[in-house]
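Residue numbers (my numbering): 166 to 398. Okay, so here's the structure we're looking at.
Structure (structure tokens):
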């Protein structure tokens with residue numbers, strides 16, 4: 166009789182897990198930019214305004230008819246007042262000279278697409294970053310994430326619901342990231358994708374579960390209860 170307890174429990178856990186992940190309802194994540202398409206610009210603090218350029222027919226992305234624009238605006242003056250943005254070998258690099266606290270912008274335009282089919286959040290992989298670097302993400306030119314501060318390497322997630330107008334993600338055709346930081350700030354970034362962000366287990370605000378989760382939780386407890394009674398009998 167003891168063999169039935171782990172078998173029943175395992176079956177219940179498998180069934181519960183299947184319902185859990187099927188209820189996410191997302192297709193594969195969407196690659197916004199893998200930063201494999203070479204592009205580079207440099208702006209000097211002594212020049213007026215910003216420096217920018219655009220690449221069309223962007224590769225390394227799942228987006229259709231995508232183009233990408235770099236814009237750099239260095240501050241300060243002198244030999245070390247410059248800012249450089251580079252995309253190469255799967256890494257986006259933003260660097261400032263020792264006298265520059267520059268602003269950098271990376272923007273994409275593409276055919277309209279429903280991001281919500283591919284997740285509920287934007288993921289940017291931060292490879293390395295200086296302290297107090299800030300980023301604002303903007304969708305469709307109108308929906309802002311607000312300023313977020315980067316202080317460490319790792320996966321940086323912003324949920325669609327954290328944007329000022331999350332509705333734009335169901336039909337989006339442009340996306341941009343605006344970076345700023347202290348003097349001489351540098352950063353290196355890798356993949357920019359959509360992703361599936363599950364509710365945090367450490368949040369103080371309860372997150373309601375779908376009815377199927379509740380039902381399967383009851384089934385799981387029922388299996389375990391019956392199995393325990395059989396073991397004791």
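Positions of the beta carbon are idealized from the N, C-alpha and C atoms, including for glycine.
- At a cut-off of 3 residues, the continuous stretches assigned as beta strand (DSSP E) that sit fully inside the region 267-341 are 268-278, 286-294, 298-304, 313-315 and 319-324.
- Residue environment analysis places residue 357 among the buried positions, since at least 16 neighbouring C-beta atoms fall within 10 angstroms of its C-beta.
- If you draw a straight line from the Cα of residue 320 to the Cα of residue 259, it is about 17 Å long.
- Of the residues assessed, residue 336 falls on the exposed side of the cut-off, its CB having fewer than 16 other CB atoms within 10 angstroms.
- A Cβ-Cβ separation of about 18 Å leaves residue 269 out of contact with residue 323 under the 8 Å criterion.
- Contact between residue 267 and residue 304 fails: their C-beta atoms lie close to 24 Å from each other, not under 8 Å.
- By the C-beta density criterion, residue 314 is exposed, having fewer than 16 other C-beta atoms within 10 angstroms.
- Taking the C-beta atoms as reference points, residue 334 is found nearer than 9 Å to residue 281.
- Restricting attention to 311, 194, 261 and 234, the CA atom closest to the CA of residue 247 is found in 261.
- As a beta-bridge residue in DSSP terms, residue 235 pairs with 218 and 271.
- Of all alpha-carbon atoms in 234, 222 and 278, the one lying nearest the alpha-carbon of residue 206 is that of 234.
- Here residue 195 is not near residue 273, since their CB atoms are 9 Å or more apart.
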